[in-house]
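Asker: Protein chains in written order, with this note's numbering: chain W, 23 to 307; chain B, 23 to 307.
Don't be surprised by glycine CBs; every beta carbon is placed ideally from N, CA and C.
Structural data, given as structure tokens:
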């Protein structure tokens, strides 16, 4: 497994892989890897000859009052995990490389980024789409994977790939959860033991939403109200947003007649967590 | 010479060219070709095995009150001109192909697009950078050329290519002029014979700016004032902007101490024309 620390080396590595006839898979991450990331890696690996993982805590996707400075990092452990999966190369750029002096170019997926986390975190998706496009241009993958936990991000990136005519297949990884249901996230590290307990209300409330859906409820407001009630009743939990929107366009719906996503963001203490459930898919995740 | 009418065919053509080991040159245009475009084509042709020209009047770079509907078109003549230069493929996408329903992704080069034509034509460069990035992704060129007449566009696109880590060389073509000095532009077609005469003040005023610079004037305001006076004294000419800014960053300067560009946009009758002169380069264009 190679650790690649410059853009030029990463491009040369991918070019050499291509010349040898290999296909390239890619999982972009911000590090502090967990089973969610590893499951994406295995999923990509099954489809491509080579697997590249990037670890880059991307400053442009953090707002001024967000957790950029304290975002958890553990490169030695990340490296071990990547090696255990059989990653071929880890790409480790620095902010100064990615955004040198005079950097001015940003990609916006408009409309899809207006609501949900886009409304709660202005500029967040502009940072995400920009860095992902740059990473795609550097790594030149055939396949890249993103998790469903960041549901809006996934839809935004799928839109970007289509709109910008990129030759690239996006794989969607299911949300990977702890045994008790908490969606895996690098930010779970911020939680105290007590908060960790309270945070279970997120997945439990989504389970309640699924039950309501299965029992025939099709009114988004009824489902959102039930979820909101559960979360609001939980200590240290403050709702950022709870919305039930069209699963593809992320737009408001009057009634659930095709797949819809219940997406939520909740602050548990000072830690903002997100989770979601898609209702009306063949397979109810 | 092949006429290629779909994105899929264009991608397949470029892929085949690459597999054969050929390098690809690219000149994106809005058609109604003139010697300025042809000189770009010849310049690229000297550096690559294959030459692709796109002809696409890009709706997203026109403002609501601009000349999209009446922008001049003459595909038969354009095709002849391309054949005369030895173009290998002309790519002719439609707006519906480039911007299908649900299209939402736009590229912005911030900062560089705040002034000059960016201020006068809100959204213009967002359309330019977006379509050019899409065309780059479709045609996959090694080399692409843009003319210096659209000076700000050239700087914006150079910035985009660097910022987004594209593997692509941008060639700059000098402004090609009619015998009497008028910068070639597809929009010159809009001018009446009388306006055509008045429009000569643009290149003449730039010549005056060069003289002032050569005579030692380094105060931007003095040069801008002289140019403004000439243009304002000419019938049917209405100044949109006249600015003398840093040639690379397009930022305001207090004194000319390194290359600077005098850029101007003038309405001659209803036709908006642009032109520019770079001062302080080795070669005074």
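Of the choices B:119, B:125, B:122, B:148, whose alpha-carbon is the least far from that of residue 133 of chain B?
Answerer: Cα-wise, what sits closest to residue 133 of chain B is B:148.
Asker: Relative to the C-alpha of residue 52 of chain W, which residue among W:190, W:301, W:76, W:178 is closest?
Answerer: Per the Cα distances, W:76.
Asker: Taking Cβ positions, are residue 60 of chain W and residue 107 of chain W nearer each other than 8 Å?
Answerer: Yes, these two residues count as a Cβ contact at 8 Å.
Asker: So, are the CB atoms of residue 32 of chain B and residue 113 of chain B less than 8 Å apart?
Answerer: Yes, the pair counts as a contact, with Cβ atoms nearer than the cut-off.
Asker: Whose Cβ in chain B lies nearer than 7 Å to the Cβ of residue 173 of chain W?
Answerer: Correct list: empty, because the minimum Cβ distance to chain B is about 17 Å.
Asker: Measure from the alpha carbon of residue 197 of chain B to the alpha carbon of each residue in B:213, B:180, B:228, B:188, then state which is nearest.
Answerer: It is B:228 whose Cα lies nearest to the Cα of residue 197 of chain B.
Asker: Listed in chain order, which residues of the stretch 122-150 of chain W have Cβ atoms closer than 7 Å to some Cβ of chain B?
Answerer: Listed in sequence order: 125, 126, 127, 128, 129, 130, 131, 132, 133, 134.
Asker: Using a Cβ-Cβ distance cut-off of 8 Å, determine whether residue 186 of chain W contacts chain B.
Answerer: It does; some Cβ of chain B falls within 8 Å.
Asker: Can you give the beta carbon distance from residue 166 of chain W to residue 50 of chain W, rounded, assuming they're within the 8 Å contact cut?
Answerer: Yes, residue 166 of chain W and residue 50 of chain W are in contact; Cβ-Cβ is about 7 Å, under 8 Å.
Asker: So the alpha helix (DSSP H) residue 250 of chain W belongs to, where does it begin and stop?
Answerer: Counting along the chain, the alpha helix (DSSP H) containing residue 250 of chain W begins and ends at 242-254.
Asker: For residue 97 of chain W, which three-state DSSP category applies?
Answerer: Residue 97 of chain W falls in the helix class under three-state DSSP.
Asker: Kindly provide the ranges of any beta strand (DSSP E) runs that are 3 or more residues long and lie completely inside the stretch 98-138 of chain W, ordered along the chain.
Answerer: List check, beta strand (DSSP E) in window: 111-113, 127-131.
Asker: When you compare only the Cα positions, how much space is there between residue 302 of chain W and residue 104 of chain W?
Answerer: Approximately 35 Å, taken between the alpha carbons.
Asker: For residue 176 of chain B, name the three-state secondary structure that DSSP assigns.
Answerer: Helix, per DSSP.
Asker: From residue 78 of chain W to residue 233 of chain B, what does the alpha carbon distance come to, in whole angstroms?
Answerer: About 52 Å.
Asker: Do residue 176 of chain B and residue 170 of chain B have their C-beta atoms within less than 8 Å of each other?
Answerer: Cβ atoms of residue 176 of chain B and residue 170 of chain B: closer than 8 Å.
Asker: Identify the contact partners of residue 182 of chain B in chain W, using a Cβ-Cβ distance below 8 Å as the criterion.
Answerer: Those within 8 Å of residue 182 of chain B in chain W are 127.
Asker: Just to confirm, is the Cβ distance from residue 181 of chain B to residue 116 of chain W under 8 Å?
Answerer: No, the Cβ-Cβ distance between residue 181 of chain B and residue 116 of chain W is not below 8 Å.
Asker: So does the stretch 245-258 of chain W actually touch the stretch 210-226 of chain W, counting three or more Cβ pairs closer than 8 Å?
Answerer: Yes, the stretch 245-258 of chain W touches the stretch 210-226 of chain W.
Asker: Are the CB atoms of residue 96 of chain W and residue 125 of chain W nearer to each other than 8 Å?
Answerer: No, these two residues do not count as a Cβ contact at 8 Å.
Asker: Could you check which residue in W:138, W:89, W:111 has the C-alpha nearest to that of residue 28 of chain W?
Answerer: It is W:111 whose Cα lies nearest to the Cα of residue 28 of chain W.
Asker: Relative to the C-alpha of residue 202 of chain B, which residue among B:239, B:120, B:223 is closest?
Answerer: That would be B:223, whose Cα lies nearest to the Cα of residue 202 of chain B.
Asker: In whole angstroms, what is the alpha-carbon distance linking residue 41 of chain W and residue 39 of chain B?
Answerer: Their Cα atoms are separated by approximately 15 Å.
Asker: Is DSSP giving residue 261 of chain B helix, strand or coil here?
Answerer: Residue 261 of chain B: strand per DSSP, three-state reduction.
Asker: How many Å lie between residue 65 of chain W and residue 262 of chain B at the Cα?
Answerer: Between residue 65 of chain W and residue 262 of chain B, the C-alpha separation is close to 56 Å.
Asker: Strictly under 8 Å for the Cβ-Cβ distance: is residue 211 of chain W near chain B by that measure?
Answerer: No, residue 211 of chain W does not count as interfacial toward chain B.
Asker: Between residue 332 of chain W and residue 67 of chain W, which are expected to be in contact by the criterion C-beta below 8 Å, what is the C-beta distance as a whole number of angstroms?
Answerer: Absent from the structure is residue 332 of chain W, since the part of chain W shown begins at 23 and ends at 307.
Asker: Bridge partners for residue 293 of chain W per DSSP, in chain order?
Answerer: Residue 293 of chain W is bridged to W:290.
Asker: Are any of the Cβ atoms in chain B nearer than 8 Å to that of residue 46 of chain W?
Answerer: Output row for residue 46 of chain W: interface = no.
Asker: Counting only C-beta atoms, is residue 298 of chain W closer than 8 Å to chain B at any point?
Answerer: No, its Cβ sits nowhere closer than 8 Å to a Cβ of chain B.
Asker: Would you mind telling me which residues of chain W sit closer than 7 Å to residue 155 of chain B, beta carbon to beta carbon, in chain order?
Answerer: Per Cβ cutoff of 7 Å: 186.
Asker: For residue 159 of chain B, which residues in chain W fall below 9 Å Cβ to Cβ?
Answerer: The answer, in chain order, is 186, 187, 188, 189.
Asker: Quick one: grab the DSSP three-state call for residue 48 of chain W.
Answerer: Looking at residue 48 of chain W - three-state DSSP - the assignment turns out to be strand.
Asker: Give me the chain W residues within the contact set of residue 29 of chain B, using Cβ-Cβ distance strictly less than 9 Å, ordered along the chain.
Answerer: The answer, in chain order, is 187.
Asker: Can you name the start and end residues of the alpha helix (DSSP H) that residue 155 of chain B belongs to?
Answerer: Run containing residue 155 of chain B: 146-161, per the alpha helix (DSSP H) assignment.
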